[in-house]
């Protein structure tokens, strides 16, 4: 392990005036970018804004969960650059102490693919996917240097590969339509909402209660008999608390439901289409004043969409 990484796992206590500082005050002294950036609310839907939020999540995770203070600071620096509108380039594998020659070769090949996509306008065409691809790539490089957390390496690598596959699809030009003068044009099937399931959460909580667990079991049973569907999991929060906190809480609720759907046996073919979104407090079921607690707004909505033939009408249902 490189000397840079050995320092990472030391608890960040320093002497200030002869007194040991707390981890929080040590972060302010030793890791100023992390301390300044970790709680910033970053808005916008540009590539740089999505990238800044991804780096913020990585920085907080490395610092608070992995005690990897140096990499937390590195991600914070990159996030601050992106927040200012200047997206940093993906990590160069040769700048990192990666022991495995084959892993370094894989990373270089992946970087060429990513940079080619970015140079072809991926950040404009699909900014969120492009940001996810870059942040997962950088995570892969960083974890590969450490080299011992194989699950973390695989998670970052597979996240990058999935994001790149989706990014290539998003950037693929539409095929030109060739119509025959003698053929009757048939309207293609359209995606319509088939059902919407609602699960409610306790105040300031992203875990499922007993009622939510029961609903998840029933929903998975309902989904198992439906084919050719797409599933969207939308997280929501009420207006009690700051908007940026509620956005993160809504995201955590959506991820909780997604994980439970999979844990309860959702088919692999349906997992591939499972997407999560966070609406925070911006799309309440019930309009309230700011700061008001409202159970009906603390929810996750599982939206099921499928194709219907032309002329048919979707019979969408909402289940509370």
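Residue numbers (the numbering used here): -13 to 306. Note that beta-carbon positions come from the ideal geometry of N, C-alpha and C, so glycine has one too.
Three-state secondary structure assigned by DSSP to residue i
i, result
"residue 266", "strand"
"residue 121", "helix"
"residue 311", "Nothing can be reported for residue 311, as the shown portion of the chain is limited to -13 through 306."
"residue 177", "strand"
"residue 291", "strand"
"residue 227", "coil"
"residue 194", "coil"
"residue 218", "strand"
"residue 260", "strand"
"residue 272", "coil"
"residue 154", "helix"
"residue 183", "strand"
Cα-Cα separation between residue i and residue j, rounded to whole angstroms
i, j, result
"residue 213", "residue 108", "31 Å"
"residue 291", "residue 215", "5 Å"
"residue 238", "residue 206", "20 Å"
"residue 17", "residue 183", "44 Å"
"residue 208", "residue 268", "29 Å"
"residue 134", "residue 282", "45 Å"
"residue 68", "residue 234", "19 Å"
"residue 311", "residue 32", "Only positions -13 to 306 of the chain appear in this structure, which leaves residue 311 out of reach."
"residue 80", "residue 37", "22 Å"
"residue 118", "residue 247", "23 Å"
"residue 293", "residue 178", "6 Å"
"residue 95", "residue 196", "47 Å"
"residue 91", "residue 139", "15 Å"
"residue 54", "residue 288", "35 Å"
"residue 189", "residue 275", "16 Å"
"residue 148", "residue 78", "20 Å"
"residue 250", "residue 70", "42 Å"
"residue 132", "residue 85", "9 Å"
"residue 185", "residue 30", "28 Å"
"residue 61", "residue 87", "25 Å"
"residue 129", "residue 162", "43 Å"
"residue 253", "residue 180", "18 Å"
"residue 154", "residue 160", "12 Å"
"residue 7", "residue 211", "At residue 7 the pLDDT is 48, less than 50, meaning the model places this residue with poor confidence; the figure from the coordinates comes in the next sentence. Cα-Cα distance, rounded: 58 Å."
"residue 176", "residue 111", "23 Å"
"residue 325", "residue 141", "Past the edges of the chain, shown from -13 to 306, lies residue 325, and the structure says nothing about it."
"residue 194", "residue 63", "35 Å"
"residue 198", "residue 204", "10 Å"
"residue 229", "residue 57", "28 Å"
"residue 137", "residue 48", "15 Å"
CB-CB length for residue i against residue j, believed under 8 Å
i, j, result
"residue 50", "residue 23", "About 13 Å separates the two Cβ atoms, so there is no contact after all."
"residue 226", "residue 262", "Not quite, the Cβ-Cβ distance comes to about 22 Å (not below 8 Å), so this is no contact."
"residue 279", "residue 187", "Incorrect: roughly 12 Å between the Cβ atoms, too far for contact."
"residue 76", "residue 98", "No, residue 76 and residue 98 are not in contact; Cβ-Cβ is about 10 Å, not under 8 Å."
"residue 89", "residue 34", "About 29 Å; that fails the 8 Å criterion."
"residue 266", "residue 236", "5 Å"
"residue 260", "residue 202", "That pair is no contact at about 13 Å."
"residue 82", "residue 127", "6 Å"
Residue of the options minimising C-alpha distance to residue i
i, options, result
"residue 59", "97, 146, 19, 103", "19"
"residue 122", "132, 30, 145", "145"
"residue 39", "28, 90, 46", "28"
"residue 224", "272, 44, 251, 218", "272"
"residue 114", "152, 45, 243", "152"
"residue 264", "251, 219, 46", "219"
"residue 100", "70, 231, 204, 143", "143"
"residue 243", "70, 229, 200, 270", "200"
"residue 116", "141, 104, 193", "104"
"residue 192", "231, 150, 181, 127", "231"
"residue 66", "106, 127, 44", "44"
"residue 222", "124, 93, 150, 270", "270"
"residue 102", "57, 229, 150, 136", "150"
"residue 106", "158, 277, 25, 52", "158"
is_contact[residue i, chain C] using C-beta, thresh 8 Å
i, result
"residue 38", "In summary, chain C is missing from the structure at hand, where a single protein chain is found."
Quick one: complete alpha helix (DSSP H) runs, 4+ long, within the region 36 to 101?
The alpha helix (DSSP H) runs of length 4 or more contained entirely in the region 36 to 101 are, from start to end of the chain, 55 to 69.
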